[in-house]
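The structure under discussion appears below in the form of structure tokens.
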Amino acid sequence: MKKKIMAAALCMLTLTVFTACGKKDTSDLVYMKDFDPEKFVTLGDYQNVEIALDEPSVSEEYLEGYVEYLLQNDPVYVPVTGRAAQMGDTANIDFEGKLDGVAFEGGTAKGTELTLGSGRFIEGFEDGVVGMEIGETKDLNLTFPDPYDNNPDLAGKEVVFTVTLNGLSTKETPELTDDYVKSLEMEGLTNVEEYRQYVYDILMEQQQSNYDSDKQNLAVEELVKACGFEEVPEGMLNRMSDTLTKSITSYAQMYGMEIGDYVASTYGGTAEDYEATLREQARLMAQRYLMLAAVASREGLTVSDEELNAQLESDASSYGYDGVDSYVEQSGLDKEAYREYMLIQKAMEYLTEHVKVVARTQE
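Going by numbering that gives the first Met the number 0, the first residue of the sequence shown is number 0, and it counts up by one from there.
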């Protein structure tokens, strides 16, 4: 698990390390161009790295299971007649909610589809619909929960919902037939065999993507074992530590977590020690950066100004900027760090292309 986290973190760092840390002066930051990476890493035999990884495949069992999953997520609704509403039914209802005899905002709707038991409505509403006959109208005396964030004015208030049951239906998983496939109206799909091949191709593409990612990550981690490392240059470590902290902070905010809690859940340790944890992660990733830069140096891999500018132009266009200058200025992009990122990608590709893959031992 820790290896997977490290591999993911290395990927995340390479994607973010080219962004300058806000308005902070970057003149003291150390880049690869400032030193020979092989002074800080003793490379192992990077041309003969061996990893254990099975070729991508999709078993018949996995294919059938995924087809069934797709069918279950595309249910057909069969009308119900001749009985009262039950839990699990989808009820078509009209309703009007009143507080002290006056309709309140957001409490009235017509033709609403409600799956009984889904918990979409306040407590007691769906239970109250259970047992109703189609065409029946019924008053439900209910109380809003307290607190009630959707409308604090209704929190804890007793209200009356007048509900009319218009119709009932139940969800059923469709049968995979030629007619069902045609009903999807997907280009090139007219029968079951074509549909199964379509699903197989999607799954195989996913498996290939996972395989490529695992192959790269395992190759990097296996080479790390064969290398020796000196202490990471302080300037480079500071740069990567700052960038990793910035990236982790944005992730924590996205998930609504404190940075310390996010770091502890991702890397282990305690929330209080998150700064030391991130510093250590930055050191480990910097080692991998140095290792890959050394591979690039050995193999004469470089990133020319033309390559850098072409990539920046492509990125600027993709992200909707007027040009490279506005992209660099508005995003705070560090061009030298971006060049490093491109170089590391080349080294990772080289390493992956030359790795020897053997099948994993079956237990």
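Virtual Cβ for every residue (Gly too), placed ideally from N, Cα, C.
Predicted, not measured: the structure shown is a model, and the values here were computed from it.
In the three-state reduction of the DSSP assignment, Ile50 falls in the strand class, which pools E and B. With a contact defined as Cβ atoms closer than 8 Å, Tyr147 and Ala336 miss out at about 49 Å. Secondary structure at Pro36: helix, using DSSP grouped into helix, strand and coil. CA-to-CA, the gap between Asp213 and Thr242 works out to about 25 Å.
Annotation for Ile258: Ile247, Thr248, Ala251, Tyr273 place their beta carbon closer than 7 Å to its own, counting only its chain and skipping 5 residues before and after.
Glu59 has its alpha-carbon roughly 27 Å from the corresponding atom of Gln215. Cβ neighbours of Cys226 within its own chain (closer than 7 Å, five residues either side excluded): Val40, Thr41, Leu42, Gly43, Met290. A Cβ-Cβ contact shorter than 8 Å links Asp88 with Leu167.
The alpha helix (DSSP H) runs lying completely inside the segment 318-345 and spanning 4 residues or more are 323-330, given in chain order.
Relative to the Cα of Thr176, the nearest Cα in the group Thr161, Asn165, Tyr194, Gly187 belongs to Tyr194. For the segment 207-292, the continuous alpha helix (DSSP H) assignments of 4+ residues that do not extend past its boundaries occur at 233-253, 258-266, in sequence order. DSSP, read as helix, strand or coil, puts Ala358 in coil. For the pair Gly267 and Glu157, the Cα-to-Cα distance works out to about 48 Å. Per DSSP, the beta bridge partners of Gly166 are Asn91. Bounds of the alpha helix (DSSP H) holding Lys181 are 177-182.
Distance check between Ala84 and each of Ile133, Thr269, Asn149 places Ile133 closest, using alpha-carbon atoms only. Residue pairing by DSSP places Leu113 opposite Ala90 in a beta bridge.
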